[in-house]
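Residue numbers (the numbering used here): 1 to 427.
Below is one structure, written out as structure tokens; comments come after it.
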Ligand SMILES: Cc1cc2nc3c(=O)[nH]c(=O)nc-3n(C[C@H](O)[C@H](O)[C@H](O)COP(=O)(O)OP(=O)(O)OC[C@H]3O[C@@H](n4cnc5c(N)ncnc54)[C@H](O)[C@@H]3O)c2cc1C
């Protein structure tokens, strides 16, 4: 597509905003639409981790081992409501198939490639535009309670080293030397895996920075509180978007609708292999005893991230459909873990901000990036647990595809066709 053409990006979460930015950078005009204000969906209050060296697939042998306990409701980090929307069982079966060791390794390898490209893109941007978003490069430490789990993680480190990821195995003393504030951690633990190059940052503040940069050009048109109702298609070509405010026309269209978007593509005969996996977060004022390094509690499946004056704790994986309301029980679980793990890190008695979001998860945890369904329809969605981490890399790949440029990272693994969306042949 020629520079100067117009691309409509549907969805102004972190994936839509970074896509818009990369397209504007590549010389396109962009119309950015969202049914809400930007960054009010899943990107709003995530765990803030840029897990460049820890971008692993969700379905794994470790998760499969927990399956009986999850099904019996004995794993507090997971919740499964059997009365869900149709289709989740077939998605669930595909997800479980991806948990075999070979598939997990394959999927995590693809994710590592995209995550490392994402880091390059983020750093290249920040060298030119030092945006302010509580960005810190203090690394991420995953804490293990059981020696057997840590030994398994050690084998993973060696494996991932061959893909260019950098992870270190630390015993408990080394963890404490790295982050002395972990002395407050209650409960037994044996050590951890440290990713020195992992980073943290506030996704909405970052997106606001990108939007401000785009507004300095004359190539961004923002249309918020505008729900896209339909894709108007004729002869395998999208002609316009139908919205309550009328038609929106562009030369190409990008679906960056996160866990939504299923209804929009149904008319094209497509089914998105994406299911919402709900997670919760809690944000409290941080104290001087909040660790600098971002910490993950592997057994509780929660992460603790300091964002300036705030402490964010996030976790949980609930298959409960599309309900985005925070559950008081889930928020209570996070609060309990805060008090148990890092009792001195936050002011837990002050008013708390509880939040929930829907991770758009594909069975193999690989995002869908590319063209399908029409000659001018592109996808950039399905980033699951890693949307913030993968955003810049995914946007860079998408912009190259739309612009007909050499791909900055191989698209294998992420094409809509590999995810079972129909392929369209073009000249
Ligand atoms: C608790 C939790 C913790 C997480 N922690 C991390 C982390 O530490 N690191 C990490 O990398 N990732 C993390 N994630 C995952 C990450 O937040 C998501 O992958 C990412 O936010 C997905 O971004 P998105 O832009 O695809 O979706 P969204 O942010 O949901 O954006 C999609 C947008 O599309 C809009 N939309 C949908 N349908 C329509 C329509 N028909 N018309 C117009 N607009 C529409 C929605 O309003 C929404 O704004 C976490 C997620 C959760 C829930």
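Glycine included, each C-beta is placed from N, C-alpha and C at the ideal position.
CA-to-CA distance, residue j to residue i, given in whole angstroms
i: residue 360; j: residue 141; result: 25 Å
i: residue 77; j: residue 50; result: 21 Å
i: residue 258; j: residue 362; result: 11 Å
i: residue 25; j: residue 213; result: 10 Å
i: residue 350; j: residue 371; result: 48 Å
i: residue 274; j: residue 39; result: 20 Å
i: residue 18; j: residue 190; result: 39 Å
i: residue 172; j: residue 180; result: 11 Å
i: residue 30; j: residue 182; result: 46 Å
i: residue 116; j: residue 393; result: 8 Å
i: residue 250; j: residue 8; result: 6 Å
i: residue 240; j: residue 341; result: 52 Å
i: residue 193; j: residue 35; result: 40 Å
i: residue 255; j: residue 155; result: 38 Å
i: residue 106; j: residue 114; result: 13 Å
i: residue 292; j: residue 3; result: 43 Å
i: residue 310; j: residue 243; result: 38 Å
i: residue 169; j: residue 272; result: 38 Å
i: residue 315; j: residue 45; result: 11 Å
Start-to-end residues for the beta strand (DSSP E) that takes in residue i
i: residue 317; result: 310–319
i: residue 61; result: Element bounds for residue 61: not the beta strand (DSSP E) but the alpha helix (DSSP H), 61–71.
i: residue 215; result: Counting along the chain, residue 215 falls outside any beta strand (DSSP E), though it belongs to the alpha helix (DSSP H) covering 203–215.
i: residue 142; result: 140–144
i: residue 420; result: Counting along the chain, residue 420 falls outside any beta strand (DSSP E), and DSSP gives it neither H nor E.
i: residue 378; result: 377–381
i: residue 20; result: Taken as a continuous stretch (DSSP letters only), residue 20 belongs to no beta strand (DSSP E), being part of the alpha helix (DSSP H) at 14–25.
i: residue 257; result: No beta strand (DSSP E) contains residue 257, which DSSP labels as neither H nor E.
i: residue 189; result: Here residue 189 belongs to no beta strand (DSSP E), and DSSP marks it neither H nor E.
i: residue 353; result: 353–361
Run of the alpha helix (DSSP H) containing residue i, from where it starts to where it stops
i: residue 112; result: 101–128
i: residue 149; result: 147–161
i: residue 402; result: 387–403
i: residue 94; result: 88–97
i: residue 172; result: 172–178
i: residue 266; result: 262–266
Residue i beta carbon near ligand 1 (any heavy atom closer than 8 Å)
i: residue 214; result: no
i: residue 278; result: yes
i: residue 44; result: yes
i: residue 244; result: no
i: residue 99; result: no
i: residue 281; result: yes
i: residue 375; result: no
i: residue 434; result: It is not possible to answer for residue 434, since the shown part of the chain is limited to 1 through 427.
i: residue 39; result: yes
i: residue 328; result: no
i: residue 396; result: no
i: residue 303; result: yes
i: residue 297; result: no
i: residue 265; result: no
i: residue 6; result: no
i: residue 30; result: no
i: residue 438; result: Look at the range of the chain in this structure, 1 to 427, and you will see that residue 438 is not part of it.
i: residue 36; result: yes
Neighbour-count burial assignment, residue i, 16 or more Cβ in a 10 Å radius
i: residue 217; result: exposed
i: residue 82; result: exposed
i: residue 345; result: buried
i: residue 428; result: In this structure the chain extends from 1 to 427, so residue 428 is not present and cannot be described.
i: residue 95; result: buried
i: residue 23; result: buried
i: residue 144; result: buried
i: residue 158; result: exposed
Any non-hydrogen atom of ligand 2 closer than 8 Å to residue i Cβ
i: residue 381; result: Among the ligands in the structure shown, ligand 2 does not appear; only ligand 1 can be found there.
Every unbroken beta strand (DSSP E) within the stretch 277–349, with a cutoff of 3 residues, ordered by chain: 294–297, 302–307 and 310–319
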